[in-house]
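Enquirer: In our numbering, the protein residues as written are 8 to 136.
I'd like to ask you about the structure that follows.
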């Protein structure tokens with residue numbers, strides 16, 4: 008059940024795939040978080056993973072993500088070992104574009120910076136901000 012290829016999580020991932028276009032930021036984060044906690048990175052027949060698909064759907068929506076969702080998303084990708092350089096770069100751009108970081112709680116910033124560092128994703132502009 009649990010593990011990178013858990014049958015239950017593969018089933019949920021497969022059922023989620025056609026619904027992803029309707030998912031909002033919170034739904035995408037919840038799906039990534041649940042799979043990350045379970046240590047599951049479901050793969051599809053085309054070789055892509057659920058995390059690849061979540062990244063693909065999330066990038067155009069990043070402007071709607073709240074600080075907590077940015078934190079949970081990056082944390083989930085790093086925790087699952089499913090780092091996505093394109094997603095991390097766009098998350099960094101989104102955060103850097105914000106006028107102030109006061110919207111972020113300390114834990115959210117810590118989780119984001121930790122996820123970047125642990126995933127080996129460098130973004131000097133983000134780290135300086």
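Positions of the beta carbon are idealized from the N, C-alpha and C atoms, including for glycine.
1. Let me know the secondary structure DSSP gives residue 50 once reduced to three states.
2. Are the CB atoms of residue 63 and residue 36 within a distance shorter than 9 Å?
3. Report the residue from 14, 91, 97, 112 whose alpha carbon sits nearest the alpha carbon of residue 55.
4. Kindly provide the ranges of any alpha helix (DSSP H) runs that are 4 or more residues long and lie completely inside the segment 23-94, ordered along the chain.
5. Using the Cβ count rule (16 or more neighbours within 10 Å means buried), how would you classify residue 128?
6. Do residue 122 and residue 71 count as a contact pair if the criterion is CB distance below 9 Å?
7. Measuring alpha carbon to alpha carbon, tell me which of 29, 39, 108 ends up nearest residue 58.
8. Could you check where the alpha helix (DSSP H) with residue 126 kicks off and where it finishes?
9. In this structure, does DSSP put residue 101 in helix, strand or coil?
10. Once the 5 residues before and after residue 78 are set aside, which same chain residues still bring their CB inside 7 Å of it?
Expert: Quick look at the numbers:
1. One-based indexing of the chain shown puts residue 50 at position 43. Strand, per DSSP.
2. The count along the chain shown starts at 1 and reaches residue 36 at position 29. The count along the chain shown starts at 1 and reaches residue 63 at position 56. For residue 36 and residue 63, no; Cβs fall outside 9 Å.
3. To locate residue 55, count along the chain shown from 1; it is residue 48. Among 14, 91, 97, 112, the Cα nearest to that of residue 55 is on 91.
4. 32-45, 57-65, 74-86
5. Along the chain shown, read from residue 1 onward, the residue named residue 128 stands at position 121. So residue 128 counts as buried.
6. Along the chain shown, one-based indexing puts residue 71 at 64. Along the chain shown, one-based indexing puts residue 122 at 115. It is not a contact, given that the beta carbons lie outside the stated cut-off.
7. The count along the chain shown starts at 1 and reaches residue 58 at position 51. Minimum Cα distance to residue 58 is reached at 39.
8. Looking up residue 126 in the chain shown gives position 119. Run containing residue 126: none; DSSP gives neither H nor E here.
9. As a first step, residue 101 is located in the chain shown; it is residue number 94 there, counting from the start. Helix.
10. Indexing the chain shown from 1 puts residue 78 at position 71. Here the set comprises 115, 118, 119.
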